[in-house]
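In what follows, a single structure is set out as structure tokens and then discussed.
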Amino acid sequence: MLCAQAQPQAEPPAQHLRSLDAAEASRMLDALRAEQAKLSDGEKTYFHLSSGAPASYDQNRIGPRDAFVALDLDHVWQIERTSRDGAVFPTYRLTIVPDGHNAPIWTLGVMMTWPRDVVRIIEVDMFYGPPAPF
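For the sequence shown, the working numbering assigns the number 13 to the initial residue and increments by one for each residue that follows.
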């Protein structure tokens, strides 16, 4: 008798966390995904959004909104809180490796606020560029 075996699925890259715990990282990623979903569904959302890349990269032909909506947040490699602990407007830096470490990467700067435990994104700055020399 033949038994079907589940095929192993590719694991997303492990998230390296710096200056924050897994719960804080998860809340921040959930907030980004919620904003992506709103924009995908044509809903209005209000935060500053910018995107850039070296001038010769084709990524510059894509507007910031489309780039943000298409961003694959399942391939976050590193999340770092760049503000002090307990800051009113915490800031984070995310490194996203959509095609592995030897391909161009996304670096995101994210500013948020947590008033009364309501997560709100204030600003997202995205840069698509060459990989770091690991």
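For every residue, glycine included, the Cβ atom is placed at its ideal position computed from N, Cα and C.
{"Asked": "Among the residues of its own chain, which have a CB less than 6 Å from the CB of K50, if the five just before and after it don't count?", "Found": "T57"}
{"Asked": "Run the CB neighbour count on E47, radius 10 Å, all protein chains shown included, and call it buried at 16 or more, exposed below.", "Found": "buried"}
{"Asked": "Just mark P102 as buried or exposed, buried being the case when its beta carbon has 16 or more other beta carbons within 10 Å.", "Found": "buried"}
{"Asked": "Let me confirm a value: T125 is counted as buried when at least 16 other C-beta atoms fall within 10 Å, else exposed. Which label applies?", "Found": "exposed"}
{"Asked": "If we call anything under 9 Å between Cβ atoms a contact, is Q71 one with A79?", "Found": "yes"}
{"Asked": "Once DSSP output is grouped into helix, strand and coil, what is the label at E92?", "Found": "strand"}
{"Asked": "Work out the CA separation of D86 and A18 for me, nearest whole Å.", "Found": "Because the pLDDT at A18 is just 43, under 50, the model does not fix this residue reliably, and the point stays unresolved."}
{"Asked": "Only counting the same chain, and skipping five residues up and downstream in sequence, which positions put a Cβ closer than 7 Å to that of V131?", "Found": "R39, A43, M124"}
{"Asked": "Assuming contact is defined by CB atoms lying nearer than 9 Å, are V122 and R96 in contact in what I supplied?", "Found": "no"}
{"Asked": "L41 and R93 look like a contact to me (Cβ under 8 Å); what is the Cβ gap, rounded to whole Å?", "Found": "Wrong, their Cβ atoms sit about 13 Å apart, outside the cutoff."}
{"Asked": "In terms of residues, what are the limits of the beta strand (DSSP E) holding S62?", "Found": "60 to 64"}
{"Asked": "Comparing alpha-carbon positions, which option in P142, E36, P76 lies nearest F2?", "Found": "Residue 2 lies beyond the residue range present for the chain, which begins at 13 and ends at 146; the question has no answer from this structure."}
{"Asked": "For G141, tell me which candidate among D53, A82, T107, E55 has the shortest Cα-Cα distance.", "Found": "T107"}
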